[in-house]
Structure formats: C-alpha cells, structure tokens
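Asker: Counting in the working numbering, the sequence shown runs from 247 upward without gaps.
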Amino acid sequence: MCGIVGHLGSSHSIDLVLEGLKRLEYRGYDSAGISFNKQSGALEIYKKQGKLSNLVDFLGDIKEFNALSCIGHTRWATHGEVSDANSHPHTDGGISIVHNGIIENAEDLRTELVAHGYKFQSQTDSEVFLALLSTTVAKGTPLQEAITSNFSKLDGNSAFVILDSKTSDIWAIKKGAPLVCGLHEVNSDALVSSDPYALVGFADKLYFPQDNVLCHLSAGNKNLINFYEMDGTKSDRYMSKKQEMSLEVSDKGSFDHFMLKEIYEQPGLIRALTKYYFDGEGQETLNNISKLKPGRFLINACGTANYAGLVVKDYIEKFNKIPCQVDLASEFRYRNPLILKDDIGLFVSQSGETADTLAAQNLCKQGGIKTLSIVNVEGSTLYRDCDYNLLIRAGIEIGVASTKAFTQQALTGRLLSHALGDGVDKKSLKDKFNLLATRIDELLSRAEELKSIAESIHHFKGFFYTGRGALYPVALEGALKLKEIAYVHAEGYASGELKHGPIALIDEEMVNVALVAPELLDKTISNVEEIKARKGNIVVIGPQNDANSKRVADYFFGLNYEGLGELSAVYCNVANQILAYYMARFKGTDIDKPRNLAKSVTVE
Ligand code: AGP
247 MCGIVGHLGS
257 SHSIDLVLEG
267 LKRLEYRGYD
277 SAGISFNKQS
287 GALEIYKKQG
297 KLSNLVDFLG
307 DIKEFNALSC
317 IGHTRWATHG
327 EVSDANSHPH
337 TDGGISIVHN
347 GIIENAEDLR
357 TELVAHGYKF
367 QSQTDSEVFL
377 ALLSTTVAKG
387 TPLQEAITSN
397 FSKLDGNSAF
407 VILDSKTSDI
417 WAIKKGAPLV
427 CGLHEVNSDA
437 LVSSDPYALV
447 GFADKLYFPQ
457 DNVLCHLSAG
467 NKNLINFYEM
477 DGTKSDRYMS
487 KKQEMSLEVS
497 DKGSFDHFML
507 KEIYEQPGLI
517 RALTKYYFDG
527 EGQETLNNIS
537 KLKPGRFLIN
547 ACGTANYAGL
557 VVKDYIEKFN
567 KIPCQVDLAS
577 EFRYRNPLIL
587 KDDIGLFVSQ
597 SGETADTLAA
607 QNLCKQGGIK
617 TLSIVNVEGS
627 TLYRDCDYNL
637 LIRAGIEIGV
647 ASTKAFTQQA
657 LTGRLLSHAL
667 GDGVDKKSLK
677 DKFNLLATRI
687 DELLSRAEEL
697 KSIAESIHHF
707 KGFFYTGRGA
717 LYPVALEGAL
727 KLKEIAYVHA
737 EGYASGELKH
747 GPIALIDEEM
757 VNVALVAPEL
767 LDKTISNVEE
777 IKARKGNIVV
787 IGPQNDANSK
797 RVADYFFGLN
807 YEGLGELSAV
817 YCNVANQILA
827 YYMARFKGTD
837 IDKPRNLAKS
847 VTVE
C-alpha cells in the first residue's frame with residue numbers, strides 16, 4: 247500500500263523525505279510525489295508516475311532546496327489510474343495532503359462537492375478530503391478544526407498527512423491505517439510516516455497514535471509534536487517507544503535480492519527466536535500466555551500468514567487438544583461468525599497492518615473475547631489492539647513475498663502450543679528448533695540442485711503443489727510463492743484431492759511439485775503415480791533415502807526429516823522458497839517488488 251513520509255525541522259527536508267520514500271519502495275507503488283513550502287509560504291508540488299527515480303530526475307537540483315517542511319508519498323493505485331495527476335500529494339488553497347487507505351464514501355462526497363462548484367483535479371478518492379478541507383478553511387474555520395470535523399465524515403480506513411503552507415506545520419490523523427510520528431531529540435526534527443522503517447536514523451523516539459488522534463508537528467515550538475482528540479483537547483492516546491530498528495537491513499549484502507537474503511537469514515533467526523523464548527526475555531511472555539484457557543482458537547490471517555495459521559492449527563490441535571478454526575480474515579469479517587465466550591482470537595500477521603486481519607480482530611474484540619497476535623512489527627496496529635502479543639522476531643522483511651516471516655510465524659505458533667502445555671519438555675523442543683536451523687543451513691547449501699530443477703521446469707504452463715497433512719499448508723504456501731514472484735499459475739492442493747477434478751488439467755505441459763514426508767508416504771506416492779500416468783511432470787521434494795520418491799520423480803530433491811517431527815513443514819517449505827526464487831530468476835521478474843503486489847495490504 248501507499249507510503250507516507252513527512253518532515254519538519256532543521257534543514258534538507260526534501261532530501262530527507264526522498265530518502266524516507268526510498269526506504270518504503272519495498273512496499274510496492276506506482277507513482278511518487280512531494281510537496282514543500284518555501285520561506286515565502288509558497289507551496290510547491292512535484293509528482294510523477296512510475297518509479298521514485300523518475301521523480302528525483304524530474305526534481306533536478308530542486309531537491310537541494312532548503313525547505314522548512316516537506317511531505318512525500320508513494321502511491322499504490324486504488325481509485326483512479328496510474329498518472330501524474332492522480333499521484334499524491336494533492337494541493338488546494340495552500341493545503342497539501344497525502345493519503346494511505348480508501349475513502350469508501352468518496353463518490354457521494356465528491357458528488358456533493360461538485361454540486362457546490364468544486365473543481366477536482368484528479369480521479370482519486372483522496373482528493374475528496376482535500377476538497378472538504380479547503381472549502382471549510384475558505385469559510386474561515388481553522389485548519390485543525392477543519393481536519394477533525396471532516397475526517398469524521400469519511401468511511402473506510404485512512405491515514406492522512408497534511409502540510410499547511412501558511413505555518414509550515416504538518417498535521418496527521420488515521421483510522422485503521424498505519425501512522426507513526428518521530429522526534430529527533432537532539433536537532434528536534436519532527437517526522438511522520440506510514441512505516442517506522444522510513445524514520446530510522448532520523449528519529450530516536452517514536453509515537454504511535456491511536457485512531458482519531460490528531461498529530462500536530464508544529465514549527466517554531468520547542469515541543470514539536472502534540473496530540474489532540476477530535477474535540478481539540480490534548481490526547482494521551484498514543485504509545486511511545488525508542489527507535490530500535492537499524493538500517494543494516496536495507497543492504498542486500500552479497501545477495502542479488504532481499505528475498506534471497508531473507509531466505510538465508512532463517513537459520514540464524516530460528517536460533518535467535520529459540521534463545522529469546524527459551525532463555526531470554528520471551529520466557530515472561532510465554533509464561534503470561536500459559537495462563538490462558540481457550541475453549542477454541544479462532545485463527546484469522548491473510549495470504550502466507552493464513553497458511554502459517556494452518557500450521558499453527560496443526561500444532562495446537564495435536565499437542566494441546568484445543569480446537570482451532572482457521573479463517574481467511576476477509577471472509578471471517580463478513581460472515582457473521584459464531585463467537586463463543588471461551589474462544590480466543592488468534593491473528594497471524596507480518597506487518598500487523600493488514601486491513602482484513604485488523605477487521606477480524608476488531609470483530610472478535612466486539613464479541614467480548616480475548617485476542618492474541620503472532621506478529622512481526624512491534625507497535626503495529628494489530629500489536630496495539632491485541633490483549634496479548636507473540637513477536638515473531640523476523641526483523642524487517644523487505645521482500646514483498648514473505649519467506650522468513652512464514653517460518654517465524656509457524657515456529658512462534660509452536661512456542662504458543664508449548665506455553666499452553668504440550669507435555670513436551672523444554673530442552674527437547676529447544677534442541678528440535680536448533681536441529682531445524684542446522685537442517686535448513688544444510689538444505690540451503692544445496693540450493694544449486696533446486697536451481698537446476700527450476701531451470702528444467704520454469705517453461706511449463708502450470709503447477710500443482712500437493713501435500714498431505716502437515717504439508718498441505720506448505721503446498722498452499724509453495725504455490726503462492728510461485729504465483730507471486732514468477733507470475734506462473736500454480737495451485738496448492740491436498741494430495742488426495744487432485745483426483746476429484748483438477749486431475750483433468752494434467753498433461754505434459756503441467757508440473758506436480760509433490761511434497762512428501764515420511765507420514766502417509768505410500769498414499770502420497772500413489773497420488774503422484776496417478777499424475778505421472780497422465781504425463782504430468784513430477785518434481786518430488788521428499789525423504790532423501792526413499793526409493794519410491796526417487797522412482798516416481800522426474801526431478802528429485804532430498805530432505806533429511808530425521809528428528810524434526812512437527813517442524814518438518816517449516817523445513818520442507820524452505821525448499822519451496824528456493825525453488826520459487828530460481829523459477830523467478832529464470833523468468834526474469836522483479837523478485838523483490840513483484841508487479842501488482844504490496845507488502846502490506848492496508849485496504850480491503
Ligand atoms: C505473502 O508472500 C504475501 N505478501 C501476502 O500474502 C501476505 O502474507 C498477506 O498480505 C498478509 O500480510 P501480513 O502477514 O502482513 O498480515
């Protein structure tokens with residue numbers, strides 16, 4: 247979704263905002279723009295469709311200009327085509343705005359404004375809020391009151407950042423979308439963004455406002471950030487914390503892509519997660535959560551996180567005998583779900599800002615039950631809204647296609663199961679986690695084998711990933727990875743399900759990536775035989791010493807599942823990550839920023 251950066255303070259406002267926007271490129275976008283005001287109070291605006299570099303080139307030496315304050319935006323188009331005019335910021339009457347989210351009642355508001363003579367410059371929903379502001383201010387209402395009175399008219403999830411050219415002040419407000427303010431306590435620069443990562447190095451203290459809290463970054467005042475309620479009174483509805491993120495993650499190092507770097511980070515992250523929760527500060531979190539007595543878990547998530555939720559369901563039902571229901575959050579929120587008093591809502595998310603997942607959490611909260619997150623971003627909306635949080639500690643994930651987050655989500659779910667009393671002693675589980683890290687290191691050392699398989703199969707027209715039991719969610723996730731980064735059609739299926747229809751699609755142009763584990767091996771192999779008999783091309787990712795797996799495979803990649811038990815799903819999935827990565831390499835796609843995708847889907 248869209249990226250927002252605003253800065254007010256010492257100097258080089260334009261440079262700083264452009265650098266912040268550069269850090270948000272990983273989230274996916276299709277145009278970029280900035281607006282800033284000159285000492286004279288004149289507001290200038292520059293915006294271009296396409297990559298941020300188009301804007302920087304367009305700016306030329308303007309970017310050296312020493313503006314007092316500046317706001318910038320990377321747009322992921324929702325309403326209105328990709329064009330310069332539809333890019334943000336939008337400006338009118340000395341006010342400039344950038345927006346992340348969707349105004350669901352924009353058309354009604356636009357119709358009313360046009361009827362009163364307003365002339366729109368774009369097709370965007372965002373400009374409707376600007377029109378409301380400028381027409382309200384034009385009648386003499388102070389900007390602060392114009393913002394609060396009009397923001398409450400908007401339906402849907404939105405975050406706005408507003409630049410007032412008369413004062414150089416910046417205002418920000420949100421409802422259901424991410425927003426963070428930052429302060430540099432030495433040079434007193436004040437900043438605002440949709441993602442704390444944009445503020446690394448520029449702010450050493452972060453402030454996370456709650457919904458409908460108006461943030462005021464004011465020029466010329468020692469206390470540069472103030473927070474207000476909608477009625478104008480001071481607000482304390484915000485969380486503050488020290489900025490702890492570092493920039494090192496923004497460097498690919500020796501890797502060609504962030505996604506590959508993040509795949510290779512997994513063994514180290516697993517060891518660090520193990521240390522944190524078994525021997526570090528995380529023990530207290532697990533101890534608090536161990537007191538929960540859920541009658542059932544309502545697990546909600548989207549995309550990759552939803553598949554990690556299926557893995558977590560397997561763990562909790564197997565080890566804790568607690569029923570789990572896994573829903574796509576986008577479905578759960580609208581099907582008037584049955585919520586029982588002993589249920590606990592469990593939400594899996596990397597960003598903690600996915601609109602559908604947040605809505606599902608809110609529905610559970612309204613249902614009066616406790617909510618628990620398995621989340622990566624501390625301070626995210628999901629993190630702040632849940633009663634309990636289990637951080638997956640994956641570090642920032644730059645690649646739009648989730649890899650290390652899936653692994654850490656699933657393993658954190660295993661830790662949740664342990665905390666709830668799984669009858670497994672701590673040392674043996676800790677050893678299993680560390681064994682998994684070792685096995686993934688070994689698997690990654692054989693990446694060339696998967697690269698060679700990818701080279702052999704990347705030209706085929708369609709792919710069925712199949713898996714049984716614990717490997718069924720991995721089949722779903724493997725297929726999603728291939729779709730996301732290689733742009734090829736792939737479907738994840740339960741091995742036993744293909745013969746109920748989809749097998750009609752099998753021919754010599756199709757590939758079955760069969761995920762095979764020691765459990766249910768014979769049944770899985772017989773499913774593969776059914777596909778092979780119809781000329782399907784067979785890739786088996788299975789037990790390294792299994793003769794049958796090798797026999798049926800046109801392409802075979804061996805795994806050493808020995809001793810991994812319930813962690814086998816996470817282990818097998820890493821092979822899928824590498825296979826998808828090299829398939830995408832051979833396809834020549836944009837692996838870190840795949841077309842049409844956003845890192846965090848903050849709209850419905
Ligand atoms: C994963 O590769 C995708 N980028 C996407 O499916 C993602 O998992 C989904 O949008 C959920 O995001 P979240 O984990 O930040 O909630």
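Each residue gets a CB set at the ideal place from its N, CA and C atoms; glycine is no exception. In this text, all values refer to a predicted model and were calculated from it rather than measured experimentally.
(1) State the Cα-Cα distance for the pair K559 and S814, rounded to the nearest angstrom.
(2) Do G549 and the ligand AGP come close, with the Cβ less than 7 Å from some heavy atom?
(3) Determine, using beta carbons only, whether G402 and E353 come nearer to each other than 8 Å.
(4) When we look at the beta-carbon of G809 and count the other beta-carbons within 10 Å, is it buried (16 or more) or exposed?
(5) Can you tell which of S486, M491, K421 and D497 has its C-alpha closest to the C-alpha of L460?
(6) For S846, is the beta carbon positioned less than 7 Å from some heavy atom of the ligand AGP?
(7) Helix, strand or coil, according to DSSP, for N433 in the structure here?
(8) For the alpha helix (DSSP H) that K537 lies in, which residues bound it at each end?
(9) Give the DSSP bridge partners of G804, in chain order.
(10) So does S595 have its beta carbon nearer than 7 Å to some heavy atom of the ligand AGP?
(11) Starting from the N-terminal side, write out each stretch of the alpha helix (DSSP H) that is 4 residues or longer and does not extend beyond the segment 614-687.
(12) Between which two residues does the alpha helix (DSSP H) containing V360 stretch?
(13) Three or more beta-carbon pairs under 8 Å between the segment 834-846 and the segment 267-280, yes or no?
(14) Answer yes or no: the CB of S663 versus the heavy atoms of the ligand AGP, is any distance below 7 Å?
(15) Hey, could you find the ends of the beta strand (DSSP E) Y453 is sitting in?
(16) Spatial neighbours of N472 within its chain, please: C-beta separation below 6 Å, excluding the five flanking residues on both sides.
(17) From the DSSP output, in three-state form, read off K567 for me.
(18) Considering Cα atoms alone, identify which of Y817, L470 and G708 is closest to Y453.
(19) Considering only heavy atoms of the ligand AGP, does any lie closer than 7 Å to the CB of E577?
(20) Between L267 and G249, is the Cβ-Cβ spacing less than 8 Å?
(21) Is any non-hydrogen atom of the ligand AGP found closer than 7 Å to the C-beta of V759, if you look at the structure I gave you?
(22) Is it the case that the CB of E290 approaches a heavy atom of the ligand AGP more closely than 7 Å?
(23) Might you give, ordered along the chain, the residues of its own chain that have their beta carbon closer than 7 Å to the beta carbon of K778, omitting 5 neighbours on each side?
(24) Could you tell me whether any non-hydrogen atom of the ligand AGP is closer than 7 Å to the CB of E563?
(25) For Q456, which residues of its own chain have a beta-carbon under 6 Å away from its beta-carbon, when the five flanking residues on both sides are left out?
(26) Which same chain residues end up closer than 7 Å to R685 when comparing Cβ atoms and leaving out the 5 residues on each side of it in sequence?
(27) Kindly indicate which three-state DSSP category H319 falls into: helix, strand or coil?
(28) Quick check on H705: buried or exposed, where buried means 16 or more other Cβ atoms within 10 Å of its Cβ?
(29) Could you pull the start and end residues of the beta strand (DSSP E) that E290 belongs to?
(30) Where does R321 land, buried or exposed, given buried means 16+ other C-beta within 10 angstroms?
(31) Within 7 Å: the Cβ of E511 and any heavy atom of the ligand AGP?
(32) Thinking C-beta only, is I731 closer than 8 Å to A651?
(33) Which value, in whole angstroms, describes the spacing of the CA atoms of H325 and S846?
(34) Would Y801 and S702 be called neighbours here (beta carbons separated by less than 8 Å)?
(35) To the nearest angstrom, report how far apart L636 and E290 are at their CA atoms.
(36) For C818, report the span of its alpha helix (DSSP H) as first-last.
Answerer: According to the data block:
(1) Each residue's Cα considered, the two are about 15 Å apart.
(2) It does: the Cβ of G549 is within 7 Å (strictly closer) of some heavy atom of the ligand AGP.
(3) no
(4) exposed
(5) K421
(6) yes
(7) Assignment of N433 by DSSP, reduced to helix, strand and coil, places it in the coil class.
(8) That residue, K537, is in no alpha helix (DSSP H); it is neither H nor E in DSSP.
(9) G788
(10) Yes.
(11) 627-631 and 650-665
(12) A352 to A361
(13) By the Cβ test, the segment 834-846 is in contact with the segment 267-280, since at least three Cβ pairs between them sit closer than 8 Å.
(14) no
(15) K451 to P455
(16) H462
(17) coil
(18) L470 is the residue among Y817, L470 and G708 whose C-alpha sits nearest the C-alpha of Y453.
(19) no
(20) It is a contact, given that the beta carbons lie within the stated cut-off.
(21) no
(22) No, the beta carbon of E290 sits no closer than 7 Å to any heavy atom of the ligand AGP.
(23) I784 and V798
(24) no
(25) R483
(26) N806, L810 and Y817
(27) strand
(28) exposed
(29) L289 to Q295
(30) In this structure R321 is buried. Its beta-carbon is surrounded by 16 or more other beta-carbon atoms within 10 angstroms.
(31) Answer for E511: no, Cβ out of range of the ligand AGP.
(32) no
(33) 18 Å
(34) Yes, they are a contact pair.
(35) 44 Å
(36) S814 to K833
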